[in-house]
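S.K.: Residue numbers for the sequence shown follow full-length UniProt numbering, so the first one is 1 and each next one is one higher. The beta-carbon is built from N, C-alpha and C at its ideal position, and this holds for glycine as well. Submitted below is the structure of interest, expressed as structure tokens.
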Amino acid sequence: MNPQKIKRSVEHLCERKVPIFLWGPPGIGKSSIIAQIAKEKGIACIDLRLSLLDPTDLRGIPFFDAVNQTAIWAPASFLPDGSIKEGILFLDELNTAAPMVQASAYQLILDRKIGEYTLPDGWSIVAAGNRESDRGVVFRMAAPLANRFIHLDMEVSVDDWRAWAINNNIDLSIISFISYRPDALFTFNTQSDTKAFATPRTWHYVNEVLLSTPEDDLIMALISGAIGEELAASFLGFKAVIKDLPNIDGILDGTEKEFPTDTSALHILCTALAIRISEDTRTKELENLLNYSLNLPGEFSVMIIQDLRQRSIELDYLKSWPLWMKKFNTLLR
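Structure (structure tokens):
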């Protein structure tokens, strides 16, 4: 399932308090989706790594009640105590926990309690982990534990990532490069021993590298450390053409008519133009953009229009729309 379908599925199941397990390769945003759901709903999220716990930690620490002459289990402080009514208990990397720790979670996941502790009614349980084939340190999940979840497999989606990247102000050159080379978003290979490889997570690291404005003699090494040397060289070569782009404001006010012929520059230009357009963009600017796109190579003109249509930007009322449709309609999908 792509990230958007995963997100919608998790939202539905959390409403019913059904335990969920998200499977997927490293770095594709499993934990980010859970954090996003909690943020959008205005509820709490506790990220608990069972791999850091001992089997007895979940149940709590026993102490002696001198009054009643009994042993009482003090619940673990990292579990929801009821002071916050709603939230998600996120058991990330559950299958990296030792089998005995996984076994201690059986009752908590299915019965929503463990020992004398009961999970508050408003809380739901979501777990996540990498697949056994992903070269991570994982333990095979026991059948009794696996049967306590609804299992969802998450995949990488360039379209979903691109929408996220635009909303989160990821550098234009990164968004454009992934649009140009969709295969570069995720390059994890279970047969390779390469330390650095591209994932949505490591592209976010590249964005942080660019925001830190490193000196020229550092940037290649820093980006290579995130996504690998070969891909870093390709990205930096792609990024170098930005300085040759025409003025975006000039295109929107109708004074800029020139356009680049380099494929990399066209990808960046089309991405930049699409990002600049919003529901508040004036009709005159949309008209100028449509007129400008009439002179672009067909696939790049269509790239802009498809992006705008996906964001529900109305174009069919524009004077140039019939002409645009006549010229490029056969390229639309």
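1) One question on the structure: do residue 274 and residue 252 come within less than 8 Å of each other, judged by their Cβ atoms?
2) Do you know offhand how far residue 53's Cα is from residue 93's?
3) Give the DSSP-derived three-state secondary structure of residue 43 in the structure shown.
4) My assumption, with CB atoms under 8 Å, is that residue 123 sits in contact with residue 89. Please give the rounded CB distance.
5) In three-state DSSP terms, what is residue 118?
6) Whole angstroms are fine: how far does the CA of residue 140 sit from the CA of residue 84?
7) Mind the definition here: the stretch 65 to 84 touches the stretch 108 to 116 only if three or more C-beta pairs lie below 8 Å; say whether that holds.
8) Cβ of residue 199 within 8 Å of Cβ of residue 186?
9) Okay, do the stretch 37 to 45 and the stretch 163 to 183 touch, 3+ Cβ pairs below 8 Å being the bar?
10) Name the residue from 102, 149 and 138 whose alpha carbon lies nearest to the alpha carbon of residue 125.
11) Relative to the C-alpha of residue 48, which residue among 330, 216, 129 and 283 is closest?
12) Quick one, are the C-beta atoms of residue 160 and residue 1 less than 8 Å apart?
13) What is the rounded straight-line gap between the Cα of residue 283 and the Cα of residue 166?
M.R.: Looking at the atomic coordinates:
1) Your numbering for residue 274 matches position 274 in the sequence shown. Your numbering for residue 252 matches position 252 in the sequence shown. For residue 274 and residue 252, no; Cβs fall outside 8 Å.
2) Looking up residue 53 in the sequence shown gives position 53. Looking up residue 93 in the sequence shown gives position 93. Each residue's alpha carbon lies about 12 Å from the other.
3) For the purposes of this step, residue 43 is taken as residue 43 along the sequence shown, with counting starting at 1. Three-state result, residue 43: coil.
4) Numbered from 1 along the sequence shown, position 123 holds the residue referred to as residue 123. Numbered from 1 along the sequence shown, position 89 holds the residue referred to as residue 89. Yes, residue 123 and residue 89 are in contact; Cβ-Cβ is about 6 Å, under 8 Å.
5) Translated into the one-based positions of the sequence shown, residue 118 becomes position 118. In the structure shown, the three-state DSSP call for residue 118 is strand.
6) Working through the sequence shown from its first residue, we reach residue 84 at position 84. Working through the sequence shown from its first residue, we reach residue 140 at position 140. Rounded to whole angstroms, the separation of the alpha carbons of residue 140 and residue 84 is 33 Å.
7) Taking one beta carbon from each stretch, the stretch 65 to 84 and the stretch 108 to 116 have 3 or more pairs nearer than 8 Å; the two touch.
8) Taking the first residue of the sequence shown as position 1, residue 199 is located at position 199. Taking the first residue of the sequence shown as position 1, residue 186 is located at position 186. Yes, the pair counts as a contact, with Cβ atoms nearer than the cut-off.
9) These segments do not touch.
10) If you number the sequence shown from 1, residue 125 lands on position 125. Taking only the C-alpha atoms, the option nearest residue 125 is 149.
11) Against the sequence shown, residue 48 aligns to sequence position 48. Proximity to residue 48 across 330, 216, 129 and 283 peaks at 129, based on C-alpha coordinates.
12) In the sequence shown, residue 160 corresponds to position 160, counting from 1. In the sequence shown, residue 1 corresponds to position 1, counting from 1. Remark: C-beta atoms of residue 160 and residue 1 do not approach each other more closely than 8 Å.
13) Along the sequence shown, read from residue 1 onward, the residue named residue 283 stands at position 283. Along the sequence shown, read from residue 1 onward, the residue named residue 166 stands at position 166. So the alpha carbons of these two residues sit roughly 22 Å apart.
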